[in-house]
Amino acid sequence: MPERLDQLAEEAAKESWTYVEFLDRVLDGEVSARVERDVTMKTRLAHLPFVKTLDQFDFSFQPALNEAQIRELATARFVAHGENILLLGPPGVGKTHLAVSLGVAAIMQGISVVFFTVADLVDLVHQDVKEDRLERRLHALCKPNLLILDEMGYVPLDQRSAQFLFRVISRRYQKGSIILTSNKSYGEWGDVVSDYVLATAMLDRLLHYSTTMNIRGESYRLREKRKAGVFHDLSAKPVKDSPSSSQKTQGERQREISSRYDGL
Ligand code: ADP
Ligand code: MG
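Counting from 0, one number per residue, gives the positions in the sequence shown under numbering that gives the first Met the number 0.
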C-alpha cells in the first residue's frame with residue numbers, strides 16, 4: 000500500500016487531480032486488493048480439485064446442454080435463494096468441470112464454497128466417528144453458502160454415511176445451496192444408499208428447489224484419448240501412476256483425506 004500511495008501521489012501531482020479524485024483512486028485500489036485477497040482465501044478454503052471456468056468449457060461438444068441456463072446459474076442467484084443444482088450423466092461429460100466452474104463463479108462473487116467427493120465424505124465420516132467429532136463436521140458442512148458434492152453413486156454408502164449425508168442435506172434445505180453430481184439416475188439412489196426410504200427423503204429435499212441437468216453426451220475424456228490414438232489401448236494397459244487409492248491402505252487414505260480437509 001505505501002508504494003502504491005507514493006505512485007498515486009506522483010500521478011496526482013503530475014495530472015493535477017483534485018483531492019476527491021485522488022481519494023477515489025486510493026480507495027479503488029484498496030477495494031480491488033481486498034476483493035483479490037478474499038477470492039484467493041475463498042478459493043483455498045473451497046478445496047477444489049482443480050480450477051476451471053465456464054469459458055474453458057466447450058459447449059459445442061455438449062449441444063444438448065442449455066448454455067444460457069448455465070450462464071444464468073453462474074450469476075449465483077441460486078445461492079441467494081438456497082436452491083440446488085443436480086448434474087447427472089455418465090463419466091467424462093463434464094459434470095465436475097461444470098460444478099467447479101459454478102463454484103469459481105460463486106467465489107468471485109464473495110460466496111463461500113466447499114467441495115467434497117462423496118467418497119471422501121464417507122472416509123471422513125468413518126474417521127470422525129472414531130474421533131468423536133461427527134457433529135463438528137456436520138456443523139462445518141452447513142456453514143459454507145455453497146457445498147459441492149461430487150460423484151454421488153460411485154461408491155455405495157454404508158448406513159452411517161447415508162444418514163450423515165441425509166442430515167447434511169436436511170440442515171441445508173432452503174438455507175444453503177448444494178451442487179451435486181452423479182452418474183446415477185434418481186431411481187438408482189436406493190441402491191447407492193442401500194435404503195429406499197432414506198434415498199427418497201434425500202431426493203425430496205434436494206429436488207424441492209432445484210435445477211437438474213441431464214448431460215447425455217459423449218465423454219470428453221475419451222474424445223481426447225481417441226484423438227491421441229490411445230483409446231483402444233485403455234483396457235489393455237494399466238495406467239502407470241502414483242499408487243491408486245485401491246493400493247493404499249484404508250488408514251493411509253483416511254490420513255491423506257483428513258489432512259486435505261484440515262481445518263474443516
Ligand atoms: P465428469 O465429472 O462428468 O466425469 P469431468 O468434468 O471430470 O467429467 O471432465 C473430464 C475432463 O474433460 C476434465 O478435464 C474436463 O475439464 C474436460 N471436459 C469435459 N467436458 C468438457 C467440455 N465440454 N469442454 C471442455 N472440457 C471438458
Ligand atoms: Mg467427475
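Ideal Cβ positions, reconstructed from N, Cα and C, are used throughout, including at glycine.
Exposure of P155, with buried meaning 16 or more beta-carbon neighbours within 10 Å: exposed
Exposed unless 16 or more other CB atoms sit within 10 angstroms - verdict on L22: exposed
Test item: CB-CB of A45 and V124 under 8 Å: Result no, Cβ atoms of A45 and V124 do not sit closer than 8 Å.
Cα-Cα separation between R3 and K129, rounded to whole angstroms: 52 Å
Spatial neighbours of V99 in its chain, beta-carbon cut-off 6 Å, leaving aside the 5 residues before and after: L47, K51
Nearest candidate by alpha-carbon position, reference E134, set I110, S160, F115: S160
Proximal residues to S15 (C-beta, below 6 Å), its chain only, five neighbours per side dropped: Closer than 6 Å at the Cβ level, and outside the excluded window around S15, lies no residue.
Rounded straight-line distance, which links the Cα of S258 to that of G88: Distance between the alpha carbons of G88 and S258 is about 30 Å.
Residue span of the beta strand (DSSP E) that contains V113, given as start and end: 112 to 116
Member of R215, V103, R43 whose CA lies at the smallest distance from the CA of A270: In this structure the chain extends from 0 to 263, so residue 270 is not present and cannot be described.
7 Å CB neighbourhood of N213 in its chain, flanking five on each side removed: Excluding sequence neighbours, N213 sits near L87, G88.
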